[in-house]
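Numbering (full-length UniProt numbering), first residue to last: 1 to 186.
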């Protein structure tokens, strides 16, 4: 059902009470869960620990992009660095770790931008966006996941915008972050 939005007549929006919850499948990164609500409404969704993503810029104002193979997309994608939160990990600590593991860069200048639900229709994943300005290469970078093959590229803001316009960048979190940063909203 849908209703016209009228602020004056808006009913109190209530979060439905969960009657039962069942884990259907569990992996290293997420769970597939079924919740049944008191009105017998049933929803199946993915629970995810959350993630971070980083728009990293160098002192020369270049943006650090990475390219990696993404099996679900079946493609090598241009993205900004990102990663999954470990249990009880602070998002900033995760962002610092992921930037170093995926690019070999770090920064002393971090700014939290905003959180975003990537796919709230079927996932609990909340991704925290950060800006790491004046990023520089570390002498001895942390080693990332053994199964990751990641290449990095520094691009000008104009080049990043052009890559989005031509469809070379097709990753949603990357496009959100770049549009935000390029629009001067940081």
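Beta carbons are placed, not taken as given, at the ideal position from N, Cα and C, and that holds for glycine. Since the model is a prediction, treat every value here as computed from it, not as a measurement.
Inset, instruction - Take residue 35 and list the residues in its own chain whose beta-carbon comes closer than 6 Å to its own, dropping the five residues that flank it on each side. - result: The residue you call residue 35 lines up with position 35 of the chain shown. These residues qualify, in order along the chain: 18, 21, 43.
Legend entry - Validate contact between the segment 149-163 and the segment 109-129 using beta carbons, cut 8 Å, 3 pairs: no
Inset, instruction - Return helix, strand or coil for residue 35, following the three-state DSSP convention. - result: Translated into the one-based positions of the chain shown, residue 35 becomes position 35. Note: residue 35 maps to strand in three-state DSSP.
Inset, instruction - Could you tell me whether the Cβ atoms of residue 138 and residue 83 are closer together than 8 Å? - result: Residue mapping note: residue 138 aligns to position 138 of the chain shown, counting from 1. Residue mapping note: residue 83 aligns to position 83 of the chain shown, counting from 1. It is not a contact, given that the beta carbons lie outside the stated cut-off.
Legend entry - Residues near residue 178 in its chain [Cβ-Cβ closer than 8 Å; skip 5 each side]: Position 178 of the chain shown, counting from 1, holds the residue named residue 178. If we look at residue 178 and ignore the five residues flanking it on each side, its Cβ neighbours are 55, 63, 80, 160, 161, 164, 169.
Legend entry - Residue range of the unbroken alpha helix (DSSP H) whose run includes residue 180: Start at 1 with the first residue of the chain shown, and residue 180 comes out as number 180. Where residue 180 is concerned, the enclosing alpha helix (DSSP H) stretches over 172-182.
Inset, instruction - Express the C-alpha separation of residue 150 and residue 71 in angstroms, rounding to a whole number. - result: Position 71 of the chain shown, counting from 1, holds the residue named residue 71. Position 150 of the chain shown, counting from 1, holds the residue named residue 150. In a straight line, the C-alpha of residue 71 is about 13 Å away from that of residue 150.
Inset, instruction - Could you check which residue in 14, 11, 46 has the C-alpha nearest to that of residue 27? - result: Reading the chain shown from its first residue, position 27 is the one you call residue 27. Comparing Cα positions, the closest option is 46.
Inset, instruction - Determine the extent of the beta strand (DSSP E) in which residue 154 is found, giving its start and end residues. - result: Taking the chain shown and counting its residues from 1, the one referred to as residue 154 is at position 154. From DSSP, the beta strand (DSSP E) with residue 154 extends over 150-155.
Legend entry - C-beta atoms of residue 73 and residue 99 nearer than 8 Å: Your numbering for residue 73 matches position 73 in the chain shown. Your numbering for residue 99 matches position 99 in the chain shown. Cβ atoms of residue 73 and residue 99: not closer than 8 Å.
Inset, instruction - Could you tell me if residue 13 is buried or exposed, where buried requires 16 or more neighbouring beta carbons within 10 angstroms of its beta carbon? - result: To locate residue 13, count along the chain shown from 1; it is residue 13. Exposed: under 16 other Cβ atoms inside 10 Å.
Legend entry - Close-in-space but distant-in-sequence residues of the same chain around residue 91 (CB under 7 Å, 5 per side omitted): Locating residue 91 in the chain shown gives position 91, counting from the first residue. Contacts found: 52, 85, 128.
Legend entry - residue 56, enclosing alpha helix (DSSP H) - first and last residue: Sequence index remark: in the chain shown, residue 56 carries index 56 (1-based). Taken as a continuous stretch (DSSP letters only), residue 56 belongs to no alpha helix (DSSP H), being part of the beta strand (DSSP E) at 51-56.
Inset, instruction - Counting only the same chain and skipping the five closest in sequence on each side, list residues whose C-beta sits under 6 Å from that of residue 181. - result: As a working note, residue 181 is residue 181 in the chain shown. For residue 181, where only same-chain residues beyond five positions count, the Cβ hits under 6 Å are 55.
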